[in-house]
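Novice: Protein chains in written order, with the numbering used here: chain A, 111 to 646; chain B, 1448 to 1723.
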């Protein structure tokens, strides 16, 4: 036995020395990305339509943003928070009627055809404006796109459109797809929707349902030396608990979008070789919101809504439901937004006594059993956290004498119940803030939205003042005046509580420490990963 | 009176009866020991068991008392198990007696319906029923009964088929009793014992089905159920395994208790029959 111990020790010492020697030369160039390698990561959903120009959602971007590029990408330090991609520059006219894009020269589609301004014009007019879930609002007044030469695209608007809005919409809404593939036949049924062709650093290689998506390196990519990776493989792991196990077993090197449950992060951060990264999602803020059906007479009373706001302990929610990986909210714009956020809004500190007093004042006295009235509460099923907050909200409401009965639905049934049938009193929803209130935030409180539009005001709330303010802001061209109007908007929403903003959260990535250049832009998980690399 | 000593002759039956008695006591004592809402937040979140003696089994992800949830969960589990089994036995006995006693076309139709229900996997049937009608305690009971009545129906029919040829049934016919009266007053009571012997299996299956439905998020969300507790604990299985283990053990013990006690009853009745 002693021989064995000695030999084992010798072996260890030898291999440690060997390891150290390989580490030595790399210390000087710690930031130099290495070329090659295959990045395997967890994917928790399998979108069928992978065309980001039609379906602008994070689930689609997660995969297709590596294949299909946008005009510009979000950036931590770029001007106006942007960095160039397909477009090199963008300029808005003073009258708000046109925006000129100068495009990058020498870009080729994955099939070898040249990328030109005609592709941009086609994508904008035929896809973003008529078909895209978010583009329908932002580009509604887009009348034409002029292409004086192959590298210039001039967007012409029928009505003045704020340049700030167009700029803020570029990272998520401006995916450009090839005209030559999409001009024949129906766009929605084009085979390229399932096997996208783009200009990005990676080409779509194959998709095996229930197993994986595989992307391969685009050797003709415009970025110098980029991309660094040879392949990206998205391993489909729908069960959230399996992502953590797969990371520990080194089957995958990255789990983005909080594929590892929050409760596991503390444990997994101590596993050698794994790192927990909270950066890289600043541009994808989710908001935890209590949606209110104003058709219920009790909830139409401002005092009742104020009472509910006072009954929610936001710090408890952040600490317990989100385990600290979130921030409390004050209004409809998240605190981490650099352009629009204002803290000067009415706040509703946690105060059960005050909430009870407000309900008494409103005339809803406790009955003999201690209850004032009953409500139907529908927590959105998309996230563990929205469901858990539903359980918490039920308890918080019980403390002020409101008997909330939880109704659980699957995703499709929840969307139908809340946004089409209005069969709810309170709902818990996770709307997304996309860098500008006009993209997907104002529709949460604006009146006159047809039934069935998901993530919009379906609670029957109607406030002429607020509607007028939203319209005025959408027509204001001056950036600071427009920002001012949205600050006013936040104040009005926090005062009248058409909905209650509770918390703001984003996602967490867990990666092996061999993965480099992670989280280097505010939309990292849905950006193109041209500079991501693997140390061996 | 004679049945009890027989029952206690086998140690398994004693164990089963003790577990069941304990469960019943838990269910009955729940509102006394843990008054108020068992889902109320009682302390810090994810407190491990045996740390704080006011919360002996710790707390879940929202800080709810696991012991209180366990006790109130026993209520739900037992209530659903007993109600579903009672409903399944009732439907099964009625259908079986009608089919067996009437014979002919009625028998054919009722038995083909039974076949139809038996060909669909019972859990799938319950799952489909609950997801269409919407989860609440009554619906869950109905869904489980819907998928469990076929066994008792077949047993009752077989039993009725042999009983209806007995002399006393012929006698009842002769004195002019209404056929339905004969079926339910003379035949059914005598056909019941073997049907009731199925009850332990059905109760155990019903408790498990309820737990499985809750685990899949199809239980009543406004009540504590063991299946729901396991489902909630699953997301933190690696960091707080007790959240799944505690209700899981309770579930295993309950099903075991019901089964053992049921076996004991069946054995003792069989013994009594062979003695007599």
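All C-beta atoms, glycine included, are put in the ideal place defined by N, C-alpha and C.
Please identify, using Cβ separations under 8 Å, the residues of the stretch 364–391 of chain A that lie next to chain B, in order along the chain.
Specialist: 371, 373, 374, 376 and 377
Novice: Taking Cβ to Cβ, would you say residue 1557/B is nearer than 9 Å to residue 1592/B?
Specialist: no
Novice: Determine, using beta carbons only, whether residue 1492/B comes closer than 9 Å to chain A.
Specialist: yes
Novice: According to DSSP, is residue 635/A part of a helix, a strand, or is it coil?
Specialist: Helix at residue 635/A.
Novice: Residue 388/A: which of 398/A, 367/A and 377/A sits nearest, CA to CA?
Specialist: Taking residue 388/A as reference, the option from 398/A, 367/A and 377/A with the minimal CA-CA separation is 367/A.
Novice: For chain B, check one thing: does any of its Cβ atoms lie closer than 9 Å to the Cβ of residue 568/A?
Specialist: Output row for residue 568/A: interface = no.
Novice: Is the beta carbon of residue 1531/B less than 9 Å from the beta carbon of residue 1708/B?
Specialist: No, Cβ-Cβ distance for residue 1531/B and residue 1708/B is not below 9 Å.
Novice: Taking Cβ-Cβ distances shorter than 8 Å, what residues in chain A pair up with residue 1512/B?
Specialist: Going along chain A, no residue has its Cβ under 8 Å from residue 1512/B, so there is no contact; the nearest lies around 12 Å.
Novice: Please report the residue range of the beta strand (DSSP E) in which residue 513/A lies.
Specialist: 512–516
Novice: Taking 9 Å as the cut-off, decide whether the C-beta atoms of residue 373/A and residue 365/A are in contact.
Specialist: Result no, Cβ atoms of residue 373/A and residue 365/A do not sit closer than 9 Å.
Novice: Kindly indicate the opening and closing residues of the alpha helix (DSSP H) around residue 325/A.
Specialist: That residue, residue 325/A, is in no alpha helix (DSSP H); its beta strand (DSSP E) goes 322–327.
Novice: With 8 Å as the C-beta to C-beta threshold (strictly closer), list the residues of the stretch 341–359 of chain A near chain B in chain order.
Specialist: The stretch 341–359 of chain A vs chain B, Cβ under 8 Å: 350, 351 and 354.
Novice: Assuming residue 431/A contacts residue 498/A (C-beta within less than 8 Å), just tell me the rounded distance between them.
Specialist: 5 Å
Novice: Hey, does residue 1656/B have any beta-carbon neighbour from chain A nearer than 9 Å?
Specialist: Not an interface residue.
Novice: Which ranges would you report for the beta strand (DSSP E) in the stretch 574–600 of chain A if only whole runs of at least 3 residues count?
Specialist: none
Novice: Are at least three pairs of beta-carbons, each pair with one atom in the stretch 170–183 of chain A and one in the stretch 535–555 of chain A, less than 8 Å apart?
Specialist: Between the stretch 170–183 of chain A and the stretch 535–555 of chain A, the count of Cβ pairs shorter than 8 Å is below three; the stretches do not touch.
Novice: What does the alpha-carbon distance come out to for the pair residue 1646/B and residue 1578/B?
Specialist: 26 Å
Novice: For residue 276/A, report the span of its alpha helix (DSSP H) as first-last.
Specialist: 273–283
Novice: From residue 397/A to residue 615/A, what distance separates their C-alpha atoms?
Specialist: Their backbone Cα atoms lie some 6 Å apart in a straight line.
Novice: What residues from chain B crowd round residue 494/A, counting only those whose CB sits closer than 8 Å?
Specialist: 1682
Novice: Could you round the C-beta distance between residue 148/A and residue 343/A to whole angstroms and report it? I think they count as a contact, below 8 Å.
Specialist: 6 Å
Novice: Go ahead and pull the three-state DSSP assignment for residue 1601/B.
Specialist: helix
Novice: Alpha carbon to alpha carbon, how far is residue 1590/B from residue 1549/B? Give it in angstroms, no decimals.
Specialist: 28 Å
Novice: Look at residue 1507/B and residue 1525/B and say whether their C-beta atoms are less than 9 Å apart.
Specialist: no
Novice: Since I believe residue 312/A is in contact with residue 328/A (beta carbons under 8 Å), could you give me their beta-carbon distance rounded to a whole number of angstroms?
Specialist: Rounded, the Cβ-Cβ distance is 6 Å, consistent with contact.
Novice: Could you tell me the alpha carbon to alpha carbon distance between residue 241/A and residue 157/A, rounded to whole angstroms?
Specialist: 17 Å
Novice: Buried or exposed: where does residue 136/A fall if 16 or more other Cβ atoms within 10 Å of its Cβ makes it buried?
Specialist: Per-residue confidence for residue 136/A stands at a pLDDT of 41, beneath the threshold of 50, marking its modelled position as unreliable; the derived number appears in the next sentence. Label assigned to residue 136/A: exposed.
Novice: Name the chain A residues whose beta carbon is nearer than 7 Å to that of residue 1593/B?
Specialist: Correct list: empty, because the minimum Cβ distance to chain A is about 21 Å.
Novice: Check whether the stretch 528–543 of chain A touches the stretch 402–415 of chain A, counting contact only when three or more Cβ pairs, one atom from each stretch, lie closer than 8 Å.
Specialist: yes
Novice: In chain order, what residues of the stretch 427–455 of chain A put their CB closer than 7 Å to some CB of chain B?
Specialist: Taking 7 Å as the Cβ-Cβ cut-off against chain B, the residues of the stretch 427–455 of chain A that qualify are 430.
Novice: Give the interface partners of residue 1488/B over in chain A, defined as CB-CB distance under 7 Å, in chain order.
Specialist: 505
Novice: Which value, in whole angstroms, describes the spacing of the CA atoms of residue 1509/B and residue 462/A?
Specialist: 18 Å
Novice: Residues of chain A with a CB under 7 Å from the CB of residue 1484/B: which are they?
Specialist: Neighbours of residue 1484/B in chain A, taken as residues at a C-beta separation under 7 Å, are given in chain order as 508.
Novice: Would residue 1680/B pass as a contact of residue 1688/B if the rule is Cβ separation under 9 Å?
Specialist: yes
Novice: Is there a Cβ from chain B that is less than 9 Å from the Cβ of residue 518/A?
Specialist: yes
Novice: Could you give the distance in angstroms between the alpha-carbon of residue 563/A and the alpha-carbon of residue 381/A?
Specialist: If I take the Cα positions, the gap works out to 44 Å.
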